[in-house]
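Here the sequence shown stands for residues 14 to 520, numbered as in our numbering.
Beta carbons: idealized from backbone N, C-alpha and C, even for Gly.
The structure appears right after this line, and notes come after that.
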Amino acid sequence: MRVGVGSVRQTQIPPSELPRYGAERLSGIRCIATNLTAEPISDATLTAMAMQRLDALVMLALSGEGFERRGGGATGYIQSAYLAHLVPHPESTWTVSPPLSLDVLSKQDFLELTESLEAEFRREYVARQVGDDHDRVLLVGVMTERTSPQRFQDGLAELARLVETAGGTVLEQLRQKRSHPHPQTVVGEGKVQEIALTAQTVGANLIVFDRDLSPAQVRNLEAQIGIRVVDRTELILDIFAQRAQSGAGKLQVELAQLEYMLPRLTGRGKAMSRLGGGIGTRGPGETKLETERRAIQRRISHLQREVTQLQSHRARLRQRRQHEDVPSVAIVGYTNAGKSTLLNALTNAEVYTADQLFATLDPTTRRLRVTDLATHQPVSIVLTDTVGFIHELPPSLMDAFRATLEEVTEADALLHVVDLSHPAWQSQIRSVMAILTQMPVTPGPALLAFNKVDQVGSETLALAQEEFPQAIFISAGERLGLETLRQRLVQLVRYANSSSKVGIEFH
Ligand SMILES: Nc1nc2c(ncn2[C@@H]2O[C@H](COP(=O)(O)OP(=O)(O)OP(=O)(O)O)[C@@H](O)[C@H]2O)c(=O)[nH]1
Ligand SMILES: [Mg+2]
Numbered sequence: 014m015r016v017g018v019g020s021v022r023q024t025q026i027p028p029s030e031l032p033r034y035g036a037e038r039l040s041g042i043r044c045i046a047t048n049l050t051a052e053p054i055s056d057a058t059l060t061a062m063a064m065q066r067l068d069a070l071v072m073l074a075l076s077g078e079g080f081e082r083r084g085g086g087a088t089g090y091i092q093s094a095y096l097a098h099l100v101p102h103p104e105s106t107w108t109v110s111p112p113l114s115l116d117v118l119s120k121q122d123f124l125e126l127t128e129s130l131e132a133e134f135r136r137e138y139v140a141r142q143v144g145d146d147h148d149r150v151l152l153v154g155v156m157t158e159r160t161s162p163q164r165f166q167d168g169l170a171e172l173a174r175l176v177e178t179a180g181g182t183v184l185e186q187l188r189q190k191r192s193h194p195h196p197q198t199v200v201g202e203g204k205v206q207e208i209a210l211t212a213q214t215v216g217a218n219l220i221v222f223d224r225d226l227s228p229a230q231v232r233n234l235e236a237q238i239g240i241r242v243v244d245r246t247e248l249i250l251d252i253f254a255q256r257a258q259s260g261a262g263k264l265q266v267e268l269a270q271l272e273y274m275l276p277r278l279t280g281r282g283k284a285m286s287r288l289g290g291g292i293g294t295r296g297p298g299e300t301k302l303e304t305e306r307r308a309i310q311r312r313i314s315h316l317q318r319e320v321t322q323l324q325s326h327r328a329r330l331r332q333r334r335q336h337e338d339v340p341s342v343a344i345v346g347y348t349n350a351g352k353s354t355l356l357n358a359l360t361n362a363e364v365y366t367a368d369q370l371f372a373t374l375d376p377t378t379r380r381l382r383v384t385d386l387a388t389h390q391p392v393s394i395v396l397t398d399t400v401g402f403i404h405e406l407p408p409s410l411m412d413a414f415r416a417t418l419e420e421v422t423e424a425d426a427l428l429h430v431v432d433l434s435h436p437a438w439q440s441q442i443r444s445v446m447a448i449l450t451q452m453p454v455t456p457g458p459a460l461l462a463f464n465k466v467d468q469v470g471s472e473t474l475a476l477a478q479e480e481f482p483q484a485i486f487i488s489a490g491e492r493l494g495l496e497t498l499r500q501r502l503v504q505l506v507r508y509a510n511s512s513s514k515v516g517i518e519f520h
């Protein structure tokens, strides 16, 4: 079906052009190769065999003595051949025969060899399957000059949690250090090969990158690796889509997904017309794409209007509360900090809580009644629990969730909950602050509450106390420090009402 002349890399068939591709099968292609020497098969050749999932590879070895050059051409005779094929065991990727005579080789039943190998691959594949609905994921982290080693580590650990939250299983993590991401493939050429090979070996069906990728990068990577490639935003959007319960939540998630998808449509169109193949297929393909794009754009405009309506609906609800003169506090914080657990502990709300990222999407508002110990007067405060933040919250989510996030900007004050038991608590505080400052309306003053102190050593406590002397320390789970928190909330709303909103301050 194909003749190639060139280096191993040059003659390799990219996965997207193979008749079939996947860890449970071979590609249906057998390759006869020679490099006009008597040498056995090189590792580069074997790697190429694995990447193409060849049924088998035969390397013809020319005899040393008979091999001579005449007038620029080479003649010689085939002395022996090596037979190589993949093996379905995690410990070794391939096996190579001793030198065989052509006579012996030609008596090999390749069909039988391929069929028995495929049967083994399938057994191995089924045995490794975590569950049908679980993606088998390979994580790829790229450390550039702009990321510190600590940030990079934390980012990868968080990415792994995101994958688990989305319902995937992380099989392996690959890393690369580069001064800048490669414009076409993020990682370098050699690393792309390593990713493809590792994905083959461990039987991954999804590659997740620790950053956002351009449409072209996704396209190039998928063509070279032969497996679906997903970036960090897509992963987060997927979790949001799984979590969305209410109509409002679903509406906002769909908007975010479409906004993310629209600029990526071109890429998919090209891939489709490539399948159709060159001349004649381009016209209708692109027209179809244009129709598709317009349909999506219409849907986006429609959803945007709905979100705007949702915004005004929420605004009316808030106005009614403001009429009653009840001050409002929005609980904000990094995802999984314990915000919902705290709302439940303070108000007996029954918000879903779990050791998962983005357990909460829809805001819940509850009334908290406190006796102000200073005046002995009863005070009412409305508390709102809302969606958690994450480092580099995708912009399409920020826009689509503006109705939800307005609960934060429109509140009289903020209660910023921090999971002090998380090793990256300091950078989580910074991420939350960064998101708050990006909001169109500057939120009111904030009270910092360090949560999960039941899980924290005295050194961390002392460090947090020194760095944030105004903060309070609580355990929402163990209901520790909640009375102090209530009193501080009363002081906070009193302060918020007495001063105009002038930025994020700590109290
Ligand atoms: N040990 C301990 N665990 C806690 C405490 N507060 C909350 N948790 C746990 O932390 C996990 C996350 O709690 P949630 O209340 O769902 O956190 P959240 O901030 O609402 O998270 P998202 O809605 O996912 O952004 C749950 O498993 C809680 O049981 C605490 O004070 N101590
Ligand atoms: Mg929650």
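| query | result |
| --- | --- |
| Compute every distance between the C-beta of alanine 372 and the non-hydrogen atoms of ligand 2, then say whether any falls below 6 Å. | yes |
| Can you check DSSP and say which residues form a bridge with threonine 182? | Arg149 |
| In whole angstroms, what separates the C-alpha of proline 297 from that of glutamate 305? | Because the pLDDT of proline 297 is 47, which lies under 50, any placement of that residue in the model is unreliable, and the question is left without a value. |
| On a Cα-Cα basis, can you pick out the residue from Thr47, Pro162, Gly490 and Ile252 that is closest to asparagine 361? | Gly490 |
| Is it true that the CB of asparagine 464 sits closer than 7 Å to the CB of alanine 6? | With the chain covering 14 to 520 only, the question about residue 6 has no answer from this structure. |
| If you measure from the CB of threonine 348, is any heavy atom of ligand 1 nearer than 6 Å? | yes |
| Classify glutamate 247: buried if its beta carbon has 16 or more other beta carbons within 10 angstroms, exposed otherwise. | buried |
| Measuring only the C-alpha atoms, how far is serine 93 from alanine 254? | 58 Å |
| Taking the alpha-carbon positions, what's the valine 21 to alanine 132 distance? | 28 Å |
| Can you tell me whether DSSP reads arginine 92 as helix, strand or coil? | The question names arginine, yet the displayed sequence has glutamine at residue 92. It is a strand residue. |
| Examine ligand 2 and report whether any of its heavy atoms sits within less than 6 Å of the Cβ of lysine 465. | no |
| Whole alpha helix (DSSP H) runs in the segment 193–250 with 4 or more residues, listed along the chain? | 202–215 and 228–238 |
| CA-CA distance, glutamate 472 and arginine 443? | 20 Å |
| According to DSSP, simplified to helix, strand and coil, what is valine 421? | helix |
| In the DSSP output, what is valine 109 paired with across the bridge? | Ala97 |
| How long is the line joining the alpha carbons of glutamine 163 and arginine 245, rounded to whole angstroms? | 18 Å |
| Any idea what DSSP makes of glycine 401, helix, strand or coil? | coil |
| Taking 8 Å as the threshold, find out whether the segment 316–329 comes into contact with the segment 256–273 through three or more Cβ pairs. | yes |
| Tell me which residues share the same chain as glutamine 451 and place their Cβ nearer than 8 Å to its Cβ, disregarding the 5 neighbours each side in the sequence. | Met411 |
| Taking the alpha-carbon of valine 155 as reference, which of Val205, Leu449 and Ile42 has the nearest alpha-carbon? | Val205 |
| Taking glutamine 258 as the reference, give the member of Pro376, Thr214 and Val430 with the closest Cα. | Pro376 |
| Going along the chain, which residues of its own chain have a beta-carbon closer than 7 Å to the beta-carbon of glutamine 186, five neighbours each way excluded? | Leu152, Gly154 and Leu169 |
| How should valine 18 be labelled, buried or exposed, when 16 other C-beta atoms within 10 angstroms of its C-beta is the threshold for buried? | exposed |
| Just curious, the beta strand (DSSP E) that asparagine 464 is in, first and last residue? | 459–464 |
| According to DSSP, is isoleucine 487 helix, strand or coil? | coil |
| Tell me the rounded alpha-carbon separation between leucine 31 and leucine 73. | 23 Å |
| Using 10 angstroms around the beta-carbon of histidine 98, count the other beta-carbons present and answer buried if the total reaches 16, otherwise exposed. | buried |
| Would you call the segment 55–71 in contact with the segment 39–46, where contact means no fewer than 3 C-beta pairs closer than 8 Å? | yes |
| Would you grab the beta carbon distance between aspartate 251 and serine 440 for me? Rounded to a whole angstrom, and I think it's under 8 Å. | The pair is not a contact, with the Cβ atoms about 24 Å apart (cut-off 8 Å). |
| Taking the alpha carbon of alanine 447 as the point to measure from, which residue in Ala328, Gln500 and His404 has its own alpha carbon closest? | His404 |
| To the nearest whole angstrom, what separates the beta carbons of alanine 424 and serine 341, a pair I think is in contact under 8 Å? | 5 Å |
| Go to aspartate 368, then tell me how far its alpha helix (DSSP H) extends in each direction, as first and last residue. | Unbroken run through aspartate 368: none, as it is neither H nor E. |
| Counting only the same chain and skipping the five closest in sequence on each side, list residues whose C-beta sits under 8 Å from that of valine 395. | Arg334, Val339, Pro340, Ser341, Val342, Thr378, Arg379, Arg380 and Leu381 |
| Here's the rule I'm using: 16 or more other beta-carbon atoms within 10 Å means buried, otherwise exposed. How should tyrosine 34 be labelled? | buried |
| Ligand 2 and lysine 204: does any heavy atom of the ligand fall closer than 6 Å to the residue's C-beta? | no |
| Is glycine 180 a contact residue of ligand 1, with contact defined as CB to any heavy atom under 6 Å? | no |
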